[in-house]
Amino acid sequence: MTVGFALALAGARKITYIQERRRGMPVLRGLARGRPRLPRSDDVRIHHYLPGLAIAMTAGATAILGGSGGIERYLSVPFGIGAGLVVDEIGLLTGRNNPYWGAERFVILSCLAATSAAAAMAAGFLRRGWHTASDLV
2 MTVGFALALA
12 GARKITYIQE
22 RRRGMPVLRG
32 LARGRPRLPR
42 SDDVRIHHYL
52 PGLAIAMTAG
62 ATAILGGSGG
72 IERYLSVPFG
82 IGAGLVVDEI
92 GLLTGRNNPY
102 WGAERFVILS
112 CLAATSAAAA
122 MAAGFLRRGW
132 HTASDLV
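Spelled out as structure tokens, the structure:
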């Protein structure tokens, strides 16, 4: 899953960079983006958020419903690719100046904090040699 996630994230960023460099006067465009944002239309462009979500959900559902045939290992790569594409669009999800997104931003930050705390706790358990729940008792 990690390999697919990293490849999808790096690939999406590389393709975006290449597309930006092929446009007319990319340096001037980059400087213009540094200025305060001008009023624009509020049209939402979805990019690769929905395809990433579809790939991740399809791979995850197939792994869950597929039984114990060992297919889960192979489905982790497309799941990671889908998750990488979704995470690459996190700016689209949280960067809008929409007052209705306040609660969602809080939830995303809370999940990030909880995941970080759980990872730190797991690293501490592994460092102390606790590998299973029975070792804690």
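One rule links them: number in the working numbering = place in the sequence shown (from 1) + 1.
Glycine residues also receive a C-beta, built at the ideal position from the N, C-alpha and C atoms.
Quick caveat: nothing in here was measured; it's all calculated off a predicted structure.
Looking at residue i: is its Cβ nearer than 7 angstroms to the Cβ of residue j?
i	j	result
residue 84	residue 76	no
residue 60	residue 80	yes
Suppose you measure from the CA of residue i to the CA of residue j; what does that come to, to the nearest Å?
i	j	result
residue 4	residue 122	24 angstroms
residue 54	residue 117	23 angstroms
residue 112	residue 106	10 angstroms
residue 22	residue 82	25 angstroms
residue 20	residue 51	20 angstroms
residue 69	residue 8	27 angstroms
residue 40	residue 90	Residue placement at residue 40 cannot be trusted, given a pLDDT of 47 that sits under 50; the coordinates are not used to answer.
residue 24	residue 12	19 angstroms
residue 108	residue 57	21 angstroms
residue 127	residue 78	25 angstroms
residue 88	residue 15	15 angstroms
residue 66	residue 6	22 angstroms
residue 129	residue 115	21 angstroms
residue 125	residue 71	30 angstroms
residue 18	residue 110	27 angstroms
Where do the ends of the alpha helix (DSSP H) carrying residue i lie?
i	result
residue 21	3 to 23
residue 77	73 to 89
residue 61	50 to 66
Which whole-angstrom value is the C-beta distance of residue i and residue j, which I expect to be below 8 angstroms?
i	j	result
residue 49	residue 86	5 angstroms
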